Every structure is written in structure tokens, then in C-alpha cells.
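With my numbering applied, the sequence shown covers 11 to 235.
We treat Cβ as the ideally placed atom computed from N, Cα and C, and that holds for glycine.
Here the structure is a predicted model, which is why all the values come from computation and not from measurement.
Take a look at the structure below.
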Amino acid sequence: MANLAKRSALISISALSLLLSGCNLMGESTATEPAKSEPEQTVVSDLDFNQIMAQMQRNDEQEQYADTTQFNPNKHHKSLVNYVEQMALDLTDTMQVAPQDAAIAVTSFVDLDASLTTTSQLGNQLSETFIHQLQKFGYSAVDFKTANLITVNKQGDFAFTRNTRKLAGTSIASHVLSGTLIYREDGVEINARVIDIQSKRLAASSRTFIPLYVLNKEDIYLSSN
């Protein structure tokens, strides 16, 4: 009985020794196993990010400044027609006569000088463009340069004339649209008005400024010579 107890004690001690040995082996294996390396990551600090954003903002500001300081007049898209159209809109908005009650004759725009009889290519082109614009806005435009008879010759067939003897002898217009030209260093100031022929009362008015580069692009001469 005593021997049996001793054997049991020895078996228990042996088992415990084996268990401890196994734990030590596992610990050594774990200790000798090389650590796994993690992939390197690029880290951008807050300071670097702020510097990048500041540089991007400076680049945007430089581009905007370059766009405003490098304006090229030859690349604009406005024409003389655009300015006349806006003036015609102003005239019709302020017109104190109904469209059905007005027959408007359009004359050449003249230089604002002592005689008020000097015109140019610009003055004549304004009057021609206003005829179309008035018609487009619903007003009746009278072309008083139309002769009573059509002239036919070797050069062609003609309906217009500046010979007063060939024009209508009776008044065919109730109002007249005309204006003045004031020349500035960088363009032309234009004043237009519609006047009642009988009473000489002002029925509508408009003004605008046409830059010189617009006129130069369309090869419009400002001199009457």
C-alpha cells in the first residue's frame, strides 16, 4: 500500500515535470520566432498638409490675377449691334407713345459740334442698325430715303436716293430718331432720342458708351473724311 502511494507520487511529479518542460519549450520557441515586419506607411504631418494647401491657394490667386491683367480687347465678343440693341430696348421702355401711333424716321447720328451736320461711317451705321431694332421691338420705322420711283441703269436697280426731288413730298413720319456722338480717348459716347416732329417733344431717350476696341475690330471709321 505504501509502495502504491509512492508510485502515484512519482507519476504525479513526472507529469508535472513534463508539463513544465513543455511550457519552457513553447516559451523559447516563441521568443526565438522573428517578429513580423509591418509595411511602411508614409505619414504626412499637419504642417506639411497646411503648406500644400497654402501653396495651392497662392497658385489660384496668381491665375486669377493673370486673367484680369492680361485682358486682350481683340478676344472680346461684343459688337456694335449689341450696343444698339440695348439702346433700342431702353428707348422702347421709356417711349411715351404707343407703337401703333408712331411712325419713326431714323436719321444719321452727328458729331456734337457747332454745326450738328457732320456725320461719319459710325453715325450712318447707327441709323441703319436702329431701323432694324425698332422694327424688331414692334415700332414702325419709316425709310424716307426710298424714292417714289425705282431707278434702273447700267450699274443696277436702285430704290434709295438722297435727291430730295425724288423723295416723298408729304410728311410720312410722326417721330424722328437721331442722336449725337461725343468722342473720348477710349471710345465714343452716344446719345439717342426719339422726338415728336410736330411738337418737338422728347418721346424717349437713351445713352451708352462704345469702347474704341469694339469699333476698331469692326473697322468702323470715326472720321467723315
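Spatially closest choice to residue i from the options, by CA coordinates
{"i": "Gln96", "options": "Gly166, Phe140, Ile114", "result": "Phe140"}
{"i": "Ile4", "options": "Ala214, Ala124, Leu136", "result": "Residue coverage of the chain in this structure runs from 11 to 235, which leaves residue 4 outside it and unanswerable."}
{"i": "Ile200", "options": "Ile62, Leu99, Phe119", "result": "Phe119"}
{"i": "Tyr93", "options": "Leu212, Gln110, Ala202", "result": "Ala202"}
{"i": "Leu122", "options": "Asp229, Ser188, Glu228, Lys210", "result": "Ser188"}
{"i": "Lys176", "options": "Gln165, Gly166, Val186, Thr161", "result": "Thr161"}
{"i": "His185", "options": "Arg172, Glu195, Thr128, Arg211", "result": "Arg211"}
{"i": "Asn173", "options": "Thr156, Phe147, Lys164, Gln165", "result": "Thr156"}
{"i": "Phe147", "options": "Gln110, Leu126, Gln165, Thr127", "result": "Gln110"}
Distance CB(residue i)-CB(residue j) smaller than 8 angstroms
{"i": "Leu222", "j": "Gly197", "result": "yes"}
{"i": "Ala214", "j": "Met105", "result": "yes"}
{"i": "Tyr231", "j": "Ser130", "result": "yes"}
{"i": "Phe154", "j": "Ala115", "result": "yes"}
{"i": "Ala178", "j": "Tyr149", "result": "no"}
{"i": "Val204", "j": "Leu101", "result": "yes"}
{"i": "Gln143", "j": "Ala98", "result": "yes"}
Coarse secondary structure for residue i, derived from DSSP in three states
{"i": "Thr78", "result": "Residue confidence is low: Thr78 scores 48 on pLDDT, short of 50, so the model does not pin down where it sits. Its coordinate-derived value is still stated next. If DSSP states are grouped into helix, strand and coil, Thr78 belongs with the helices."}
{"i": "Thr218", "result": "strand"}
{"i": "Thr128", "result": "coil"}
{"i": "Tyr93", "result": "helix"}
{"i": "Lys227", "result": "helix"}
{"i": "Leu177", "result": "coil"}
{"i": "Leu232", "result": "coil"}
Paired residues, beta bridge with residue i - DSSP
{"i": "Asp206", "result": "His185"}
{"i": "Asn201", "result": "Thr190, Arg217"}
{"i": "Leu99", "result": "Its beta-bridge partners do not exist; DSSP assigns none."}
Runs of beta strand (DSSP E) wholly within the segment 104-168 (minimum 3 residues, chain order): 113-116, 150-152, 156-163
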